[in-house]
Structure formats: C-alpha cells, structure tokens
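Step one of this worksheet: look at the structure below.
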Amino acid sequence: MQTQRSAIVISSPMQHSQRSTGRLMLLVIAACIPGVATATWYFGFGVLINIMLAASMAIVLEACALKLRGRDIRLHLSDNSALVTAVLFGIAMPPGASWWLVAMGIFFAIVIAKHIYGGLGQNLFNPAMCGYVLLLLSFPVEMTSWHIPNDALVDGSSFSAFSLAGLRQSLMVSMPVFGGAQMSSPDSIDGLAMATPLIEFKMAGTSALLAAWDAGVSGFSRDSGAAWELVNMGYLCGGLFLIYKRIISWHIPCAIIATVTVMSTLYYAPGSSAIYGTPYLHLFGSATMIGAFFIATDPVSAATTVRGKIYYGIIIGLAIYGIRVWGSYPDSIAIAVLLGNFCAPALDYLCRPRIYGHGKKSRTVPTAELKS
Amino acid sequence: MRLVSRLLGRRSDRAPYAIFGGIAAEAYKTRSLRSRLMPVPIPEKLVLPLSQNLDVDAVAIVEAGDLVQKFQPLAEAGEPGSVALHAPTSGLVSSISNATVADEFGSQRLCIHLQTDGEDRAIETVPEADYSALDHLQLLERIERAGICGLGGAGFPSAQKLSLGVKSGIDLLIINAVECEPFISADEALIRERGASVVVGAEILQSACLASNCIIVLQEDKADAIEALRKALEDSSIELMTLAARYPVGGEKQIIQAVTGMEVPSQAYPASIGVLVFNAGTAYAVYKAIVDGEPCVSRITTLTGAPLQTPKNFETLIGTSVSFLFDLCGIDTTRHTGTIVGGSLMGIQLPTLDVPVMKTSNCLIAMSAAEFPPDEPELACIRCGFCAEACPARLLPQQLYAFSRAHDHEQNLAHGLFDCIECGACAYVCPSHIPLVQYYRASKAEIRGQQARQLQSQHWQQRFQQHQYRIKQRRDEAPHQVSGDAVGPKNDDEPGNKNRSHGDGGKTEAAVFSRERAKREIAEAVARVRARRAGHIASSRTDAESDS
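Heads up: the sequence lines are chains A and B, in that order. Residue numbering for the first sequence follows my numbering, starting at 361 and increasing by one per position. Residue numbering for the second sequence follows my numbering, starting at 8 and increasing by one per position.
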C-alpha cells in the first residue's frame with residue numbers, strides 16, 4: 361500500500377545523473393572490441409559469426425521471453441543486457457561451432473538461466489556462462505574443436521582469414537546449409553583443434569609449442585600462443601577502459617589476476633612437462649583476461665560489497681587455477697565464475713561494510729575533562 | 008596533510024576528514040547569486056502555519072479579529088518540537104483556520120491568517136549590543152522566545168537543541184554553511200553580505216551551549232563567502248574550515264564526520280558525542296534575536312530555476328506565499344512544470360503554489376522540463392553497486408532495494424535501513440532510474456506500522472488477559488453469583504476502575520448503565536481538555552521559564 365502511495369507523490373531526489381543501464385551495457389560491448397577484433401584476426405570470421413548469431417538469437421529470445429512475461433518489450437530490450445550476454449557467449453564459443461550449438465546455448469542462457477529466474481537482476485548465475493557450461497558438459501568434443509579456414513594455416517598467406525573465401529568457409533562450418541553436404545562434417549575442411557595454448561600444454565605436453573614459447577613471442581606469426589597473448593592484451597585494454605570509465609570496479613579483476621599470478625608462481629615448474637606453466641602463460645595464454653574483466657564482473661551475479669568482491673575474485677582465481685591444473689577441464693573460466701556466483705550471496709551477507717555510526721568508538725575527545 | 012599538521016601539533020588549520028560515499032552533483036548556484044540579497048515587499052496576506060516544521064503545533068495566543076503589530080507574539084511554544092510564532096508585520100488576524108501547507112501531499116494545517124496593513128508598525132524591541140552580559144540561560148530563554156528553529160530545513164527548535172547540548176556537554180559547535188544541495192545558495196548569499204552578523208550569531212550560540220570550540224564550515228567553491236568570513240573572523244576565536252564540494256557533506260552526520268572524524272552513533276543525537284551543528288541561517292537569526300531583539304519573522308530563501316527571469320535570494324517574511332515570490336521573480340508559466348521546496352535532492356515537490364514560506368523553507372525551485380526531465384521508466388536493478396559507492400551512510404542500497412521489494416524487513420533492519428538519511432545520492436546515480444529512496448521510505452513506514460500494530464496488539468492482549476483474570480477472580484470470589492453477572496463490569500479492585508459504577512443488576516441493565524457512564528466519561532474528558540487548553544498558555548510559559 362505504501363509503495364502505491366509514494367508512487368503517486370513525486371519524491372526526492374528530483375535530479376539524476378546521466379548514466380543509464382543501456383549505455384553501460386553498450387560500453388561493455390564496446391570494450392570487447394579490441395579483444396574480439398584480435399581474435400577475428402587470428403581465428404577468422406568464425407569468432408564474429410558466433411557473436412552475430414548469438415546476438416540475433418538473443419534479441420529474439422529476449423523479446424519472446426519479455427512478451428510471455430507481459431513486460432514492455434521495447435523498454436526492457438533497451439537495457440541491452442541480452443546483447444552483452446550474447447557477445448560474451450559468442451566470444452566463449454569455439455569458432456566454427458555449429459549454429460544449433462549456438463542456438464541451444466543462447467536459449468539456455470537467456471530463457472532458462474535469466475528469465476525463468478525473474479529476468480535481469482534476478483538471475484543467480486551468469487547467463488552466458490550457464491549456456492556455455494551446458495554445452496561444454498553436453499557436447500565436449502564440439503566445444504573443444506576450433507575450426508579456422510584452411511588458408512589461415514598456410515604459411516605466407518597472412519590475410520586469408522579475412523578473405524571472402526575465409527568468410528565463406530567459416531559460414532559453411534557453422535551453417536552447413538550454405539555449403540552443401542560435403543562441408544557438413546568439420547573434418548572435411550582442414551579443421552584444426554587450435555584451442556588455447558594451455559589446452560595444448562595439457563594435451564600435448566612438451567611439444568613444439570613449448571619451444572615456441574621459450575623462443576619468445578613472435579609478433580604476428582600465426583601460432584596460437586601469440587594469438588592468445590594478443591587477444592588477452594585486447595581484453596585487458598578493454599577491461600582497463602571499463603575501470604577507467606568506472607563501469608566496473610577494480611576489485612574483482614585485480615583479485616582474480618593476483619590470485620592466478622600467485623598460484624601459478626607458487627606451482628611454477630620450469631621445463632616440466634606438466635601444465636604448471638609460467639604465470640605469464642596462465643594470464644595471457646588462456647581466457648583469463650576476458651574472464652577477469654568481462655565475465656566475473658557481471659554485476660548481477662557477482663558479489664556487490666567491496667570486501668565481498670575481493671573474496672569473490674580470490675575464489676574465482678583459485679578455481680581457475682585449480683580446475684586448469686588439477687581438474688579435468690582444460691579451461692575453467694566458466695566453471696570458476698559459476699562457483700563464484702554460488703558464493704556471492706553469502707559473501708555479500710558476510711562482508712557488509714560497517715555502517716556509519718555503528719560499532720566504532722565514536723567519542724574521541726573526553727568532554728568531562730575539558731569541562732572541568 | 009592532516010598527518011603533517013598533527014605531527015606538528017598545529018590545531019589551528021584542521022584538515023577535513025573524508026566522508027563515506029557522496030556524489031559530485033552539478034551545481035546551479037551562480038544564477039541566484041548574481042543579484043544581491045533583497046527584501047521582499049510586504050504581501051497583502053500572510054499565512055503562518057502554527058507548526059513551522061509540520062510536526063507539533065504551537066499554541067495560538069491571538070484570536071481572529073485581533074490587531075497585531077510587527078514582532079508581536081502570535082503563538083507560544085507548546086509541546087516539545089514547537090516554536091513560538093511572531094507577526095512578521097502589522098495587520099489584522101483575519102482567521103485561525105486550516106490552510107494548505109508546503110508538503111508533498113498538500114495537507115491542511117492550522118494557520119494564522121494575517122491581513123497586512125502595509126504600515127509595518129513594530130512593537131518595541133530590546134536590543135542587546137553586548138550579548139556577553141547575558142549568561143547562557145538568559146541566552147537560551149531569549150532564543151526560545153524568539154521562536155528560532157533550525158533554518159537549514161529540519162526545523163528542530165534551537166533552544167531545545169542547545170539545552171540538550173548543555174546537558175550532555177559540548178566540545179565543538181559547528182556552524183554549517185556547506186549548502187551542498189545543487190540549487191540552494193541562501194547561506195552563501197547571507198554570509199557574503201552579512202558575514203559579520205553570522206559570526207556574532209555563532210559566538211552567541213557558542214556561549215549559549217557552553218561549547219569550548221566553534222568552527223564555521225563552508226564548501227570550498229564559495230569564494231566570496233569564504234573571503235567575507237575570513238575578514239569577519241580576523242579577531243575571533245572561531246575557526247573556518249572549507250570542505251571539497253561533495254553532496255551530502257552538509258548533512259549533519261556527514262559534516263560531523265568531515266570536521267571531527269567522529270561518527271554520530273546510530274539513533275543518537277550529535278550532542279551525545281559532544282557536537283552540535285547549527286545552520287548559518289540559524290546563527291543569523293540568533294544574532295537578530297539577541298543583538299537586535301527581533302524574533303524570527305523572516306528568513307533567506309533562494310528562488311531559482313530556469314523559468315524564473317531573475318532568480319535571487321530574498322529575505323522573505325514567514326508566511327509569504329510561494330506564488331507571490333515567483334511572480335516577483337518574473338516566472339515564465341509556459342516553462343514552469345513544477346515546484347520544489349528545499350533542494351533538488353532532498354526537497355519535496357509541491358502540489359500547489361498557494362502555500363506559505365515557513366521558517367524551514369530555504370529554497371524554492373521552479374522546475375522546467377529541461378532541468379528536470381520527466382522521470383525515466385524504472386529498469387531492473389543490475390546490482391552495479393554505484394549506489395553503495397555513493398551512500399554516505401555506507402549502506403548497501405542495492406540490497407536494501409531487494410529486501411524492500413520482497414518486504415523482507417528483518418533483513419532491511421539487519422542492513423541498517425533506519426541509518427538511511429534519505430539523501431538520495433543512491434537514486435541520483437542509479438543507472439536503472441530506480442527511485443530507491445521511495446522504496447526505503449515505504450519500507451520504513453511499513454516497519455513503523457508493523458511495530459505500532461505489534462505494540463497495540465500487545466496492549467490489547469494485555470487488556471484481554473487482565474479482563475480474563477478479573478472474570479476468573481470474581482468467579483473465585485463469588486461462586487454463588489449467576490453466571491450472567493460475571494461479564495458485567497463490576498470489578499473494583501483493578502486500578503483504573505475507580506470511577507466505574509457498581510452495577511449489580513442483569514445484563515441489559517448493565518449495558519444501559521455503561522452507555523450512560525460512557526457519556527458521562529466523555530463529557531468529563533472534554534471538560535478536562537478544555538480546562539487544560541485554557542490553562543495551557545500560562546502553564547507553558549511557566550514551564551518554559553522553569554526549563555531554562
């Protein structure tokens with residue numbers, strides 16, 4: 361009853377800042393651009409196709425879900441949250457994933473993980489990562505096969521990923537309709553499992569890749585080590601931009617990066633054939649940066665108190681490293697973030713800041729003495 | 008900086024402490040500061056609400072038809088929370104009746120309607136050039152008689168606050184001229200032009216509450232006012248402190264934190280930590296009351312907003328109507344979309360312009376669509392935490408919002424809902440345009456309602472148990488009586504039942520009897536109230552004197 365009454369009476373404050381949720385979300389997408397562009401450069405149009413597919417499906421699904429829930433479609437679409445989910449989901453998907461894989465994941469992300477829980481702001485778990493983990497559990501082979509156009513693998517044809525042929529091939533991989541039956545199998549185009557260097561570390565042990573790493577980063581050479589390094593640099597730049605714009609706070613990314621750095625330094629075993637790579641490899645050889653700056657910082661599912669954010673970041677950092685090194689999943693951002701989401705409500709409750717006027721020894725000047 | 012000055016042991020240049028949270032709201036002060044402080048011509052009619060803070064009514068001591076002179080008392084302070092009221096000019100009391108007052112609901116309160124005669128004849132005042140001749144009790148008494156309440160907006164009777172302070176002992180008196188609300192410039196204008204009087208007022212307040220230190224605090228963007236104060240403070244023991252512009256650093260709790268680094272304990276008065284805060288306007292009113300002997304009949308009010316052609320600060324008679332003031336400033340009615348009394352962040356929007364200025368009305372804003380665009384639709388909370396960064400009480404507004412929506416008041420209380428000062432910083436920064444403060448107000452009202460209901464039900468439960476007990480007792484005492492009697496009201500042993508009749512007839516007889524008794528009791532109660540009202544003036548006067 362009270363709420364209704366105060367809804368009629370216009371209440372203070374009457375002045376507002378200019379920031380809006382829709383704009384914040386657009387800025388998050390903008391901050392993804394350097395990373396996405398770099399990834400597209402190295403891994404071909406498959407990256408962009410994933411994002412586009414996911415985005416268009418997400419908008420349609422979001423509109424349907426809003427319609428079914430009887431909400432104002434235009435108003436709530438304008439918060440752009442579905443777009444951000446789609447972009448992050450699309451980035452996480454391996455290039456060349458089939459369209460139905462993307463559709464299934466984004467459906468789970470938007471409809472099940474978000475709207476069934478009550479829509480934006482009510483979901484306990486990061487929708488994009490929910491969709492991704494569902495696919496990872498259900499389709500482990502498809503989700504770890506990375507397909508890039510043939511030409512990209514040929515030495516000397518450095519721009520082929522952007523050629524029309526590359527685009528066509530990428531489209532054919534994700535949507536076999538375009539290319540006919542012979543293209544439907546991923547194996548028929550020199551598909552290369554070219555996942556992250558960490559995966560290669562884990563799967564192949566000391567291979568040529570380790571040698572490549574020891575030799576140092578070789579600019580624009582097309583090995584996945586350099587590619588991932590630059591992609592992560594891109595996301596790092598985007599993330600710093602978000603912090604600079606005060607859209608995300610520094611606490612979560614810093615806690616994650618610090619934890620991963622500390623863990624990988626502690627367990628670093630040079631020359632070992634195991635996964636215990638250098639801290640640098642752990643930070644820049646995988647999805648750590650996008651995870652730390654873009655995925656773990658999803659405000660809805662993250663911790664929201666300052667100390668809570670730091671503990672949340674540490675938990676995710678520990679999980680990232682632990683799952684990578686001792687777990688059976690090669691990359692672990694999604695699972696680690698979901699684990700953090702599980703902890704977030706408790707962290708927020710336990711890490712409430714001291715409220716003004718509570719529990720601090722307030723009187724510092726003994727008045728009695730002054731008066732006498 | 009602070010550390011250095013502490014190490015050197017210099018007490019004189021105190022560096023401010025940081026407050027929690029806060030926002031940098033865009034300020035709109037310059038336009039109302041372009042012109043000088045202006046007196047307002049006497050309007051034909053003044054409406055003086057008996058309660059100047061819309062809380063407790065003062066007791067009127069004039070009647071309709073009385074001719075009154077300027078400064079003549081119209082109403083006396085009654086219950087705690089009310090302040091005396093004086094005639095702002097000479098004229099005829101046309102009636103004492105309900106009129107719309109300046110709140111967001113447009114509610115009706117008892118007001119004294121004064122038909123002015125334009126002659127402005129004043130009763131004789133008792134100026135006291137040397138206030139140091141008066142001891143603090145005399146000062147308190149004069150401040151109370153002058154009808155001064157907090158002119159910063161809350162309107163708490165100043166004399167009550169001072170005597171509270173004297174009781175608990177005051178180390179530091181803070182004169183608050185921070186004025187962090189983006190539109191208000193009344194204190195700035197006052198200090199710029201009458202800084203010396205404000206300083207004298209501050210000194211009087213200091214001796215009235217026996218404070219060992221006094222400090223005047225301004226926001227550092229008020230260059231003219233700071234300069235004026237520096238001059239006025241040259242040979243005074245009062246210190247000056249400037250704070251970085253940040254809303255709501257001028258809030259009572261925040262200014263205490265900024266100046267002393269101490270926090271007012273939750274649900275306690277600042278006096279409990281030895282600090283009192285008075286608004287600069289209040290200090291000026293105190294100066295007028297003691298040095299000139301004039302009671303509080305006017306105040307400085309900022310008139311601003313884009314629809315006004317000449318925004319300015321007026322020295323306004325209490326009771327002047329808002330529409331009269333807007334007309335003086337040349338209001339462009341085509342652009343005028345609404346009116347705020349108080350600031351844009353903590354003020355209230357008036358449903359009508361035909362309301363009087365009160366002692367607490369520090370600012371009137373004529374809203375325009377450009378400066379105050381219509382509220383954007385509320386989107387979902389994404390828990391971005393901007394609100395928590397902005398909260399000066401260090402609450403978690405995003406959590407309180409979720410609990411308020413769920414009506415989870417247990418969690419609301421655990422998360423400090425009642426420590427919210429309703430400054431609106433959270434709602435200001437919210438990117439989803441959620442009117443957070445409204446949710447908190449609604450929750451607070453719900454909790455208060457629940458608590459009241461709980462108390463009441465406890466009360467009734469107790470009554471019922473007593474009733475049951477009485478019945479049982481009577482049955483035990485008189486087992487031979489017929490059962491019908493048992494329900495009749497006839498227990499004499501219970502306290503509070505002394506006046507009850509000794510009905511020993513049947514059920515119907517008892518009912519008739521009790522109706523008659525009820526009538527009689529009502530008549531008695533009315534008589535008692537009348538008697539009390541009649542004697543109220545005299546008694547309140549003696550009360551006040553004995554208090555001080």
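C-beta: ideal position from N, C-alpha, C; glycine also.
Under a 10 Å Cβ-count criterion, glycine 337/B is classified as exposed, with fewer than 16 other Cβ atoms of the shown protein chains found around its own Cβ. Relative to the Cα of serine 380/A, the nearest Cα in the group Ala423/A, Met374/A, Ser441/A, Ala397/A belongs to Ser441/A. In summary, the residues of the segment 342–368 of chain B whose CB is separated from some CB of chain A by less than 9 Å are Gly345, Ile347, Gly349, Gly350, Ser351, Leu352, Met353, Gly354, Ile355, Gln356, Pro358, in the order they occur in the chain. Taking a C-beta cut-off of 9 Å against chain B, the contacting residues of the segment 591–618 of chain A are Arg606, Ile607, Ile608, Ser609, listed in chain order. Judged by DSSP in its simplified three-state form, lysine 479/B adopts helix. It is roughly 24 Å from the alpha-carbon of leucine 283/B to the alpha-carbon of arginine 714/A. Serine 102/B sits in a strand when the DSSP states are folded into three classes.
With 16 or more other Cβ atoms from the protein chains shown falling within 10 Å of its own Cβ, proline 363/B counts as buried. With respect to chain B, the C-beta atom of tyrosine 716/A has a partner C-beta closer than 8 Å.
For lysine 605/A, the closest of Arg383/A, Tyr671/A, Phe702/A, Pro500/A by C-alpha to C-alpha distance is Arg383/A.
Under the 8 Å criterion on CB atoms, glycine 479/A is classed as interfacial with respect to chain B. When DSSP reads this structure, tyrosine 291/B sits in no beta bridge, so it has no partner. Contact with chain A is found for serine 273/B, since one of that chain's Cβ atoms lies less than 8 Å from the residue's Cβ. Listed along the chain, the chain A residues whose CB falls inside 8 Å of the CB of glycine 423/B are Ile715, His718.
Cysteine 370/B is outside the set of residues whose beta carbon lies under 8 Å from a beta carbon in chain A.
By the Cβ criterion, the segment 32–40 of chain B is not in contact with the segment 440–453 of chain B, since fewer than three pairs of Cβ atoms, one from each stretch, lie closer than 8 Å. The beta-carbon distance between leucine 403/B and histidine 422/B, rounded to whole angstroms, is 6 Å. This is short enough to meet the 8 Å contact definition. By the criterion of a C-beta distance shorter than 6 Å, valine 388/A is surrounded in its chain by Val444, once the five residues flanking it on both sides are discounted. When DSSP reads this structure, lysine 319/B sits in a beta bridge with Leu310/B. The count of Cβ pairs closer than 8 Å, one atom from the segment 104–122 of chain B and one from the segment 354–363 of chain B, reaches three, so the stretches are in contact. Within chain A, no C-beta atom comes less than 8 Å from the C-beta of tyrosine 24/B; the nearest is roughly 11 Å away. In the three-state reduction of the DSSP assignment, arginine 434/A falls in the helix class. Between glycine 28/B and glutamate 259/B, the gap from beta carbon to beta carbon reaches 8 Å or more. At least 8 Å separates the beta-carbon of isoleucine 177/B from that of alanine 296/B. Rounded to whole angstroms, the Cβ separation of threonine 619/A and leucine 699/A is 13 Å, and the two are not in contact under 8 Å.
Nearest to histidine 143/B by C-alpha distance, out of Ile211/B, Ser114/B, Ile478/B, is Ile211/B. Arginine 429/A has a beta carbon lying at 8 Å or more from every beta carbon in chain B. Within the same chain, Cβ atoms closer than 7 Å to the Cβ of alanine 67/B are found at Leu57, Leu81, Ala82, Ile103, Ile119, the five residues on either side in sequence being excluded. Fully enclosed alpha helix (DSSP H) runs of no fewer than 4 residues occupy 165–175 of the segment 162–196 of chain B, in order along the chain. Histidine 611/A: member of the alpha helix (DSSP H) spanning 611–626, first to last residue. Taking 8 Å as the threshold, the shortest C-beta distance from isoleucine 297/B to chain A does not fall below it. Nearest CB-CB separation between proline 399/B and chain A: below the 8 Å threshold. When the Cα atoms are used, serine 372/A and serine 351/B turn out to be separated by approximately 7 Å. Contact annotation: in the segment 681–714 of chain A, residues whose CB is within less than 9 Å of a CB in chain B are Asp708, Tyr709, Arg712, Pro713, Arg714. Relative to the Cα of glycine 257/B, the nearest Cα in the group Ile182/B, Asn320/B, Leu44/B belongs to Ile182/B. Under the three-state reduction of DSSP output, glycine 345/B falls in the strand class.
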